[in-house]
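Counted the way full-length UniProt numbering counts, the sequence shown spans residues 1 to 127.
Each residue gets a CB set at the ideal place from its N, CA and C atoms; glycine is no exception.
Following: one structure in structure tokens, then a few remarks.
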Amino acid sequence: MLAKLQPLLCSFVRGLSTKPWKVTGLNHVAMVVPDVEKAATFYRDTFGVQVDKPFTAEAHGVHVAFVYMGNTKIELISPIDEHSPVAKFLERNKSGGLHHICVESVPPLSIVSLIQQLVLWWPASVY
């Protein structure tokens, strides 16, 4: 849904004299990978960085591991099965790739409030 709203949201925000939020930092960069375990091992062994033990986020249909690199993180994600939202991403990009960038903002979640004002419907659960 957000992808469909992006042009409207960007146009709306560009038209504002005061922006509704301020980006204060980079939280993480998410990469879709075919195998979280292999990718986590690669980052740990190649760069000597801390990597959390991979876990499964059933609600999102993905396996996840966080790689800590200085003041930010890389989130490695792979699909649980062929019905996972990121499975389609891997169909188009066989070796994976950049999925999203998560920024920190003040006030937190103000973008959710802004989108709620622009649309009539919003999912019941938002991070």
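Problem set entry | Outcome for GLU91 when other beta-carbon atoms lying within 10 angstroms are tallied against a minimum of 16 | exposed
For this session: Please look up how many angstroms separate the CB atoms of VAL62 and SER84, rounded, as I've assumed it's under 8 Å.
Result: Confirmed, Cβ separation roughly 6 Å.
For this session: Tell me where the beta strand (DSSP E) around GLU75 begins and ends.
Result: 72–79
Problem set entry | ILE101 classed as buried or exposed, judged by whether at least 16 other C-beta atoms fall within 10 angstroms | exposed
Problem set entry | LYS53 - DSSP class collapsed to helix/strand/coil | coil
Problem set entry | Outcome for GLU75 when other beta-carbon atoms lying within 10 angstroms are tallied against a minimum of 16 | buried
For this session: Note the first and the last residue of the continuous alpha helix (DSSP H) segment covering LYS88.
Result: 85–92
Exercise. By Cβ distance, which residues of its chain are closer than 8 Å to LEU80, with the 5 residues on each side in sequence left out?
Worked result: Reading off the sequence shown, one finds Ile at residue 80, where the question assumed Leu. If we look at ILE80 and ignore the five residues flanking it on each side, its Cβ neighbours are THR56, GLU58, GLY61, VAL62, HIS63.
Problem set entry | Which residues DSSP lists as bridging GLY25, in chain order | GLU104
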